[in-house]
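Each protein sequence line maps, in turn, to chains V and S.
The opening residue of the first sequence carries number 1393 in this note's numbering; numbering runs sequentially from there.
The opening residue of the second sequence carries number 1019 in this note's numbering; numbering runs sequentially from there.
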Amino acid sequence: MTRLIRRRTALFGLVVVVGVVAAAVFAPMLSRFDPIEQNISQRLEPPGWTDGSGLVHLLGTDQLGRDILARIIHGSRIALLVGFAAVAISGLIGLAVGLVSGYVGGRVDDLCMRLADIQLAFPFILLAIAVIGVLGPSLGNIIVVIGVSSWVVYARVVRSEVLSIREREFVQAAIALGGDDSRVLVRHVLPNAFAPWLVVATLDMARVIVIESALSFLGLGVQPPTPTWGGMLADGRVYLSTAWWLATFPGVAILITVLGINLLGDGLRDALDPRLQV
Amino acid sequence: MKRFLARRLAQALVVVLGVSVVAFFILHLTGDPALLLLPPDATAEEIRNFRDAMGFNDPFVVQYWRFLRGAATGNFGESLRHGAPAMRLVVERLPATLELAGAAMAIALCVALPAGIVSAVRRNTPVDYVSTVVALLGQSMPTFWLGIMLILIFSVRLNLLPSSGRGGLPHLILPAVTLGLFTTARMMRLTRSGMLEVLGQDYIRTARAKGVNESPVIWKHALRNAAVPIVTIAGIELGALLGGSVITETIFAWPGVGRLSVQAIYNRDYPVVQAAVFLLSTTFVVVNLLVDVAYTYLDPRIRT
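In structure tokens form, the structure reads like this:
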């Protein structure tokens, strides 16, 4: 019963993720409104409002008269772009550190794990805003800062996986047959450590999207007029008492996206490696 | 036991040293700290004099050593905006942050432990489904949106609770719930899975078989064995709450370290930023050290 529900929720997660990716890719075709062009005469109109030309603004308009739905659809581009890019960077760093740390062991392992402790000791958001505050907010800086500081989970999971794979017969056999270390690592160890890595990457993507919107919310994300979910929320906060829809809908978009990715990640974990603790 | 403590202490010191290196480099990220610290309209000569006065022309190692010596005595220089020692400003805000993080943790423990246990014991019942859904939503909800929605409902619409500032209990409720939800959700799931695992063990079956009542089985036999990972995560989460309060404090104008640091970043007041990063990270390390010590008491097997 639980398994069935789990599968159904994982499927739901997959549908959501595919939907968001599609929204990001086909954004200009999905919405008839321009996400950037301002129209002060139709500002702060409520959800479902029909403008002069008979077009319905399903989620209303913002303080500059822009269609909120259009901005949410276009906002998914930044969220996913940062998500994929940052996960790729941190995933690759973590994979490399985990493989080497687990396979070589000894002092190298000690060093890597201390580095991980140091990284974990930092209040992540504070460090990210400090660094971006110094470097200046730009798409590249955001991706690099999130990417470089999120490798620890990957490294730990891959390392523990490598520790057990290393002792298995087929790896020992490959070493005994004289295979050199890098070959054994890439051909025999890596493929077996990939499944847990993928689970971590999926769940981490959800975290990265939340962080990106948090940075945008604080004004340190991709700068306006480019629509970002966090930035829309920050704008909407000012109009909380008069126009609730401004702050509400971008948050719903984040919630649904993150929930979908989490469910997909949970489903992947159940399917690939139920004992994984992440 | 002594060896374990000495080893953990040494590791913690190494981590704090590493933290100090990163805190030091925050100022040097762009290559020229003088340009960061001085107002944009400073003349070339002012910049040169400032560089000399601050010792920015010295080799990195010398500068870092100076920074480290200062950090060891809590001296991070003067705040550029307030003219007071940076560390003092941060320490003054610490009680507010501790209050908020403590309240969030209290909420998390009071909700997550009972809910997680009930949901494990009554597995696959409506209670379990409801708490699982709540936990999933809680883990997926961005803090800042939750905070804004709570303000919208309880402050703007119902006019029940204050939306900003620090005061008595009413001021604490919304920020504490906002900050605590993610931790609550995480600990709920962890308690549930931990309890489920323990409840499937042989010694639980033995206890039941020899006729022990259900409630001591759950509260004594099972919970004690499920406690170690829960305590560990509680420690880690407490550290995360201290650092993660940055956003919650910003939304609710809570006068803590997080809000101070965000303002300091906007004001380019970097000594304060460095002091805050250093203090929060060190607190995190100390909390984790205490957790490690605590669970050597809970689980004697770890003392090696």
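Even for Gly, the Cβ is constructed at its ideal location relative to N, Cα and C.
All values derive from a computational prediction rather than experimental measurement.
- Secondary structure note for ARG1469 (chain V): its alpha helix (DSSP H) is the uninterrupted segment 1460-1496.
- Chain S has a Cβ within less than 8 Å of the Cβ of PRO1515 (chain V).
- Using a Cβ-Cβ distance cut-off of 8 Å, the stretch 1499-1509 of chain V and the stretch 1461-1468 of chain V are not in contact, since fewer than three pairs of beta carbons, one from each stretch, lie closer than that value.
- For TYR1315 (chain S) and GLN1029 (chain S), the gap between their C-alpha atoms comes out near 20 Å.
- Taking CB atoms only, ASN1584 (chain V) has no neighbour in chain S less than 8 Å away.
- SER1097 (chain S) and SER1482 (chain V) have their C-alpha atoms spaced approximately 34 Å apart.
- DSSP lists V:THR1442 as the bridge partner or partners of VAL1448 (chain V).
- According to the DSSP assignment, LEU1527 (chain V) belongs to the alpha helix (DSSP H) that extends over 1516-1527.
- Check the Cα spacing between SER1541 (chain V) and each of V:ARG1551, V:LEU1527 and V:LEU1512: the tightest is with V:LEU1512.
- When the five nearest sequence neighbours on each side are left out, the beta carbons in the same chain lying within less than 6 Å of the beta carbon of GLU1267 (chain S) are those of GLY1274, GLY1276 and ARG1277, in order along the chain.
- In the DSSP assignment, GLN1434 (chain V) falls outside any alpha helix (DSSP H) and carries neither an H nor an E.
- Distances from the CA of VAL1152 (chain S) to each of S:GLY1183, S:ASP1310 and S:THR1201 were compared; the closest alpha carbon is that of S:THR1201.
- At a beta-carbon threshold of 9 Å, none of the residues of chain V lie near PHE1172 (chain S); the nearest stands roughly 12 Å away.
- Nearest CB-CB separation between SER1137 (chain S) and chain V: not below the 8 Å threshold.
- Residue-level contact check: PRO1160 (chain S) touches chain V, since one or more beta carbons of chain V fall below 8 Å from its beta carbon.
- For ASN1654 (chain V), the nearest CB of chain S lies under 8 Å from its own CB, placing it at the interface with that chain.
- If you check the CB distance, VAL1408 (chain V) and THR1620 (chain V) do not come in under 8 Å.
- In this structure, LEU1569 (chain V) sits away from ASN1654 (chain V), with a CB-CB distance that is not shorter than 8 Å.
- Under the 10 Å beta carbon count, GLN1157 (chain S) is surrounded by 16 or more other beta carbons and is classified as buried.
- Residues of the stretch 1491-1514 of chain V with a C-beta atom less than 7 Å from some C-beta of chain S are ARG1506, ASP1509, ILE1510, ALA1513 and PHE1514, listed in chain order.
- With 16 or more other Cβ atoms from the protein chains shown falling within 10 Å of its own Cβ, TRP1272 (chain S) counts as buried.
- Counting C-beta pairs closer than 8 Å gives fewer than three between the stretch 1029-1039 of chain S and the stretch 1181-1188 of chain S, which falls short of the contact rule.
- Counting only Cβ-Cβ distances below 9 Å, GLY1276 (chain S) has contacts in chain V at PRO1515, ILE1517 and LEU1518, in chain order.
- Under the three-state reduction of DSSP, PRO1103 (chain S) is assigned to strand.
- Each residue's CA atom was taken as its position, placing VAL1576 (chain V) and TRP1083 (chain S) some 43 Å apart.
- In the three-state DSSP reduction, GLU1117 (chain S) falls in the helix class (H, G or I).
- For the pair PRO1439 (chain V) and ARG1210 (chain S), the Cα-to-Cα distance works out to about 40 Å.
- As the crow flies, the alpha-carbon of VAL1410 (chain V) is around 10 Å from that of PHE1404 (chain V).
- Secondary structure note for GLN1029 (chain S): its alpha helix (DSSP H) is the uninterrupted segment 1020-1044.
- Annotation: GLY1611 (chain V) to GLY1623 (chain V) spans about 7 Å, alpha carbon to alpha carbon.
- A Cβ-Cβ distance of about 5 Å is found for the pair ILE1432 (chain V) and GLY1457 (chain V), placing them in contact under the 8 Å criterion.
- A direct Cα-Cα distance of roughly 26 Å separates LEU1047 (chain S) from LEU1487 (chain V).
- When 7 Å is used as the limit between beta carbons, ALA1471 (chain V) is near no residue of chain S, the shortest such separation being about 11 Å.
- Contact of SER1279 (chain S) with chain V is assigned, a C-beta pair being separated by under 8 Å.
- At least one C-beta of chain S is nearer than 8 Å to the C-beta of TRP1636 (chain V).
- Leaving aside the five residues that flank VAL1304 (chain S) on each side, the residues in its chain whose CB is nearer than 8 Å to its CB run, in chain order, ALA1030.
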